[in-house]
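S.K.:
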Amino acid sequence: MIKTIRTPVGEFKLLVDSYQLDLLRDVRRVFVFTSMVAEVAEDTFADLGAGTGPLTVVAAHAGAERVVAVEKNPKRARLLEKNLRKYVPHDVEWEVVVGDAREVDVNADVIACEMIDTLLLEEEFVPVVNAVLERYEPIIVPQEVWIGANPIRRPPRMPRYRSGLPEDIEPLEVIRTDKPIPKKFEYETPEPGYAFFTWVEYEGTIAGGSDVFCPVLELPTPGNVLIGVRGAGLPSLRSYAPEHQDHT
Ligand SMILES: C[S@@+](CC[C@H](N)C(=O)[O-])C[C@H]1O[C@@H](n2cnc3c(N)ncnc32)[C@H](O)[C@@H]1O
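Residue numbering for the sequence shown follows the working numbering, starting at 84 and increasing by one per position.
1) Do Val140 and Tyr170 have their beta-carbon atoms positioned less than 8 Å apart in this structure?
2) Between Val175, Glu301, Ala121, which lies nearest to Arg55 when the distance is taken from Cα to Cα?
3) Give the list of continuous beta strand (DSSP E) stretches no shorter than 3 residues that lie fully inside the region 246–296.
4) Please confirm whether any heavy atom of ligand 1 lies closer than 7 Å to the CB of Asp211.
5) Considering only residues of the same chain and omitting the five flanking positions on each side of Leu167, which have a CB-CB separation below 8 Å?
6) With H, G and I counted as helix, E and B as strand and the rest as coil, what does DSSP make of Leu107?
7) What does a CB cutoff of less than 6 Å around His330 pick up in its chain, not counting 5 residues either side in sequence?
8) Starting from Lys165, follow the alpha helix (DSSP H) in both directions and report where the run begins and ends.
9) Thinking just about the alpha-carbon of each residue, which of Val209, Ala124, Gly93, Leu163 is nearest to the one in Pro263?
10) When you compare the region 214–227 with the region 265–275, are there three or more beta-carbon pairs, one atom per stretch, that lie closer than 8 Å?
11) Tell me whether Asp200 sits in a helix, a strand or coil according to DSSP, three-state version.
12) Since Leu131 is in the beta strand (DSSP E), which residue starts that stretch and which ends it?
13) In chain order, what are the residue ranges of uninterrupted beta strand (DSSP E) at least 3 long that sit wholly in the region 210–234?
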């Protein structure tokens with residue numbers, strides 16, 4: 084399949100699988116990430132979790148001299164390679180690495196990592212970013228990920244995802260990628276249920292809350308502190324009431 088994307092550095096017809104097609108249909112996600120990459124791409128650029136390559140292609144047209152795309156899914160990586168062969172300009176060096184971004188040693192000046200999901204829970208954004216920051220000091224795209232929460236009147240019995248961000252999201256936390264990200268988080272949740280929002284913003288446009296990018300996570304939170312481990316998945320979530328329980 085082919086999907087056309089419009090980006091700040093031009094239009095590209097990319098080979099995609101059905102997963103990448105869904106992601107590229109979220110136009111706010113594409114706008115926010117391609118704009119951020121186009122703004123900072125230079126020297127060596129690495130795309131960790133490259134998919135079929137939208138961000139790598141943009142970086143190659145936006146000033147990078149060398150681009151490295153890391154993708155762990157071998158079938159997707161084959162499409163990625165074809166897209167880079169077609170679209171990377173001749174004077175830009177490129178390389179596809181099929182492997183786990185936590186283990187691949189990429190020393191790049193700018194790194195994009197779009198493995199972002201709600202609360203940074205399920206995907207490997209945090210372990211990947213932390214593995215990079217242990218060794219190097221690149222600019223990481225996105226530079227910030229925002230998290231917010233609203234109490235909900237009718238909490239679900241089980242955690243559930245839905246699409247659509249409300250107008251009134253108050254930031255609860257901003258996660259910056261210029262220093263290692265703490266894996267554990269604790270949020271005060273005094274009401275019985277909360278909807279958690281995660282988003283990335285570029286010049287007033289918010290990406291998040293779609294079916295494919297950071298859908299809203301509604302949680303029953305019977306305690307009044309919610310604890311979780313980023314990258315460890317939904318089962319890592321716990322809640323407790325500090326006045327009744329000791330959680331050590
Ligand atoms: C959300 S998609 C983003 C694709 C593309 N960068 C984009 O922005 O459209 C994340 C991609 O990262 C890959 N991925 C997930 N975990 C990975 C890991 N540990 N190492 C390398 N790739 C990974 C997935 O296979 C998927 O293709």
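Beta carbons are placed, not taken as given, at the ideal position from N, Cα and C, and that holds for glycine.
M.R.: Inspection of the coordinates gives the following:
1) With contacts defined by Cβ atoms closer than 8 Å, Tyr170 and Val140 form a contacting pair.
2) Since the first residue of the chain shown is 84 and the last is 331, residue 55 is not available in this structure.
3) 254–259, 267–271, 276–285, 288–290
4) What sits at residue 211 in the sequence shown is Val, not Asp. With a cut-off of 7 Å, the C-beta of Val211 is classified as near ligand 1, since at least one heavy atom of the ligand falls inside that distance.
5) Gly136, Thr139, Val140, Ala143, Val150, Ala152, Trp177, Val179
6) Note: Leu107 maps to helix in three-state DSSP.
7) Reliability fails at His330, whose pLDDT of 49 lies under 50, so the model's placement of it is uncertain and no value is given.
8) 157–170
9) Val209
10) no
11) Three-state DSSP puts Asp200 in coil, outside helix and strand.
12) 126–131
13) 222–224, 227–234
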